[in-house]
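In the working numbering, the protein residues as written are 537 to 754.
And the structure:
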């Protein structure tokens with residue numbers, strides 16, 4: 537990004553007073569410019585398609601089309617606008633689900649005054665910014681994926697294929713039929729995978745496959 541070019545931003549939130557306050561905070565930085573505002577997700581997607589701003593700051597709870605739905609629409613359209621979620625939700629499970637959308641920022645509204653400018657600067661550089669008090673969620677998530685990747689390097693191509701099919705909730709019989717191998721061969725592969733991944737318990741392999749489905753399919 538050119539040093540003279542301002543970071544263009546669209547704010548989407550259904551509370552006009554909050555949008556005005558957020559715009560005021562953002563434009564205190566001379567390198568940033570709020571080019572448009574939206575009161576719901578449908579309007580936000582339309583504006584972003586037209587203006588293609590560098591950054592979109594989305595509230596999650598919006599009428600007609602919420603922030604998550606809007607982010608999915610933009611992802612499907614393969615636009616280059618980076619998305620920052622500004623929300624009240626601090627739940628870890630919800631955070632992990634939202635991060636699967638490929639967003640570049642997650643800021644709690646209570647921390648907006650302190651965090652939003654940093655989040656925008658990080659996003660403009662292609663980096664991820666998470667409100668510090670919940671940044672531990674992100675670190676846990678990254679460590680989990682790194683650990684899973686390391687484990688998956690120890691399995692063979694056939695074992696990975698079978699593990700992928702398990703992640704698709706296919707039974708051993710279905711896997712055997714699809715791969716033209718015997719049921720017993722599939723069971724042997726399942727046993728070997730469990731040994732290599734140190735998985736114990738009747739549902740441990742299925743749980744691991746489900747949790748790592750995105751990695752297996754990539």
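All C-beta atoms in this analysis are idealised placements derived from N, C-alpha and C, irrespective of residue type, glycine included. Small disclaimer: the values here were computed from a predicted structure and weren't measured.
The beta carbon of residue 604 lies closer than 8 Å to those of 596, 634 and 637 in the same chain, with the five residues before and after it left out.
For residue 723, the uninterrupted alpha helix (DSSP H) run begins and ends at 719 to 733, by DSSP. Counting only the Cα atoms, residue 557 lies some 18 Å from residue 543.
The shortest CA-to-CA distance from residue 747 to any of 618, 580, 688 and 601 is the one to 688.
Under DSSP, residue 641 shares a beta bridge with 620 and 665.
DSSP places residue 750 in the uninterrupted alpha helix (DSSP H) bounded by 749 to 753.
Shortest Cα-Cα distance from residue 651 to any of 662, 745, 673 and 623 involves 623.
Burial is judged here by how many other beta carbons sit within 10 angstroms of a residue's own beta carbon; residue 573 has at least 16 and is buried. Between the alpha carbons of residue 659 and residue 640 lies a gap of roughly 6 Å.
Of the other Cβ atoms in all chains shown, fewer than 16 fall within 10 Å of the Cβ of residue 740; this residue is therefore exposed. In this structure, the CA atom of residue 629 is about 9 Å from the CA atom of residue 673.
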